[in-house]
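Under my numbering, think of the first position of the sequence shown as 1, with each following residue one higher. Each residue gets a CB set at the ideal place from its N, CA and C atoms; glycine is no exception. These notes concern the structure reproduced below.
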Amino acid sequence: MTTTHASLTTTDATLHGKVALVTGASRGIGAATALRLAREGADVAVTYVNGKEAAEEVVRAVEALGRRAVALRADSADADEAAGAVERTAQQLGGLDVLVNNAGVGVLGPLEGLSLADVDRVLAVNVRGVFLASQAAAARMSAGGRIITIGSCMVQRVPGPGGTLYATSKSALIGLTKALARELGPRGITANVIHPGPIDTDMNPADGPYAPDQAALTALGRFGTADEVASMVAYLAGADYVTGTEFAVDGGHAA
Ligand code: NDP
């Protein structure tokens with residue numbers, strides 16, 4: 001089977017023999033991504049902070065697919081742990097080919113209500129942790145390496161008040177991605193960023209109080225699923241000639 005560009009379908013076991021690290025993968029988009037990459041043939045490390053049991057369930061699900069997996073407690077807000085997860089993955093699974101920077105936190109609310117602690121926390125997880133993990137991964141990866149970062153539809157369209165801090169943090173990932181693509185391109189390593197729209201997870205449940213408003217902001221009129229984002233990650237993990245660019249998986253939120 002060959003890659004079908006129109007549907008972003010990839011070959012079976014495209015990632016056979018590859019090692020992936022997905023940050024923040026005890027649940028939500030990260031967990032779906034870990035499973036999808038395993039289905040494509042990758043061995044997978046997942047990080048978590050609080051969800052040990054849930055992360056271990058993801059590991060068991062990956063192993064049931066015949067792939068190796070490890071769960072690592074690593075807080076992306078901690079500089080040593082963010083970079084250290086890359087090293088631990090390489091040591092435990094024998095290298096690193098795909099880094100998925102998925103861990104993220106959202107603090108939404110009026111500008112005047114955001115504390116310095118909020119600013120530091122969101123930037124530490126959403127920006128500094130991504131930077132440090134990418135830096136560590138770049139040092140580990142060889143040609144064919146992939147850095148795939150989860151941004152947000154809020155960088156393309158902020159539909160209302162309350163998003164200053166979150167949009168600021170996620171917007172930084174566009175510059176980082178483009179600069180990584182330029183810096184790592186000569187080594188055959190790609191970097192791309194995915195902007196999910198409203199996706200049904202614990203962070204943003206499709207039955208939450210603001211869900212109908214969010215669904216109405218999309219062209220398709222509905223929330224997306226974590227699997228729909230994971231499909232784009234899998235495509236980018238297998239794509240050779242795609243780098244430095246942004247992909248919206250947002251149901252038309254930016255249209
Ligand atoms: P969830 O809140 O459902 O899951 C978050 C995951 O990240 C959990 O596995 C959690 O682990 C982990 N995590 C949280 N903080 C940290 C940290 N400091 N270090 C390491 N891991 C951490 O989020 P989603 O799946 O919805 O979101 C995933 C990504 O997608 C985020 O970057 C988010 O900003 C982005 N996104 C989500 C959208 C949505 O509508 N859901 C829309 C646009 C972007 P634990 O279980 O241990 O807490």
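For G244, which of helix, strand or coil comes out of DSSP?
-> Three-state DSSP puts G244 in coil, outside helix and strand.
So does N102 have its beta carbon nearer than 7 angstroms to some heavy atom of the ligand NDP?
-> At least one heavy atom of the ligand NDP lies closer than 7 angstroms to the C-beta of N102.
In or out: Y166 buried (at least 16 other Cβ within 10 Å) or exposed?
-> Looking at its Cβ environment, which holds 16 or more other Cβ atoms inside 10 Å, Y166 is buried.
DSSP three-state assignment for D75, whether helix, strand or coil = The answer is coil: DSSP assigns D75 none of H, G, I, E or B.
L217 vs P159 beta-carbon contact at 8 angstroms | Closer than 8 angstroms, so yes.
Whose C-beta lies closer than 6 angstroms to the C-beta of A42 among residues of the same chain, with five residues either side of it excluded?
-> Cβ within range, chain order: L15, K18, A20.
Leaving out five residues before and five after S171 in sequence, what residues of the same chain have Cβ atoms less than 7 angstroms from its Cβ?
-> So the list reads V155, once near-sequence residues are dropped.
By Cβ distance below 6 angstroms, which residues in the same chain neighbour R146 in space, the five residues on each side in sequence not counted?
-> Here the set comprises V98, T190, A237.
Applying the criterion that 16 or more other CB atoms from any shown protein chain within 10 Å of the CB defines a buried residue, is S152 buried or exposed?
-> Buried, because 16 or more other Cβ atoms sit within 10 Å of the Cβ of S152.
In three-state DSSP terms, what is R222?
-> R222 falls in the coil class under three-state DSSP.
Do A71 and A55 have their C-beta atoms within less than 8 angstroms of each other?
-> Taking 8 angstroms as the cut-off, the Cβ atoms of A71 and A55 count as close.
Does the distance from the CB of A136 to the CB of A181 come in under 8 angstroms?
-> In this structure, A181 does not lie closer than 8 angstroms to A136 by Cβ.
Classify G256 as buried or exposed, calling it buried when 16 or more other Cβ atoms lie within 10 Å of its own Cβ.
-> Because the chain is modelled from 1 through 255, residue 256 falls outside the range shown and cannot be assessed.
What are the boundary residues of the alpha helix (DSSP H) that R27 is part of?
-> No alpha helix (DSSP H) holds R27; DSSP gives it neither H nor E.
Under three-state DSSP, which class holds V105?
-> Residue state, collapsed to three classes: coil.
Contacting residues, own chain, Cβ-Cβ under 7 angstroms from V125 (five flanking each side not counted) = Cβ within range, chain order: S76, A77, A103, G104, V105.
With distances taken Cα to Cα, identify the nearest neighbour of Q92 among L111, R68, N101.
-> For the residues L111, R68, N101, the minimum Cα distance to Q92 belongs to R68.
Is Y235 helix, strand or coil by DSSP?
-> Residue state, collapsed to three classes: helix.
Nearest to D120 by CA position, among G144, V107, A255, is which residue?
-> Of the candidates G144, V107, A255, the residue whose Cα lies closest to the Cα of D120 is V107.
Could you say which of T164, V100, R60 lies nearest to V122 if we only look at CA atoms?
-> Per the C-alpha coordinates, the member of T164, V100, R60 positioned closest to V122 is T164.
Straight-line CA distance for L132 to A79?
-> So the alpha carbons of these two residues sit roughly 7 angstroms apart.
Secondary structure at A69, three-state DSSP: helix, strand or coil?
-> Look at A69 here: in three-state DSSP terms it is strand.
Rounded to a whole number of angstroms, what is the C-alpha to C-alpha distance between E81 and T177?
-> Rounded to the nearest angstrom, the gap between the Cα atoms of E81 and T177 is 21 angstroms.
Can you list, in chain order, the residues of its chain whose CB lies under 7 angstroms from that of A6, leaving out five sequence neighbours each side?
-> Here A6 scores only 45 on pLDDT, less than 50, and its place in the model is too uncertain to base an answer on.
Option in A206, K52, A219 with minimal Cα separation from D250 | Comparing Cα positions, the closest option is A219.
Backbone secondary structure at N192 - three-state DSSP | In the three-state reduction of the DSSP assignment, N192 falls in the strand class, which pools E and B.
Apart from the five residues on each side of it in sequence, which residues of its chain come closer than 8 angstroms, Cβ to Cβ, to G175?
-> Close CB contacts of G175 within its chain, under the 8 angstroms cut and outside five residues either way in sequence, are absent.
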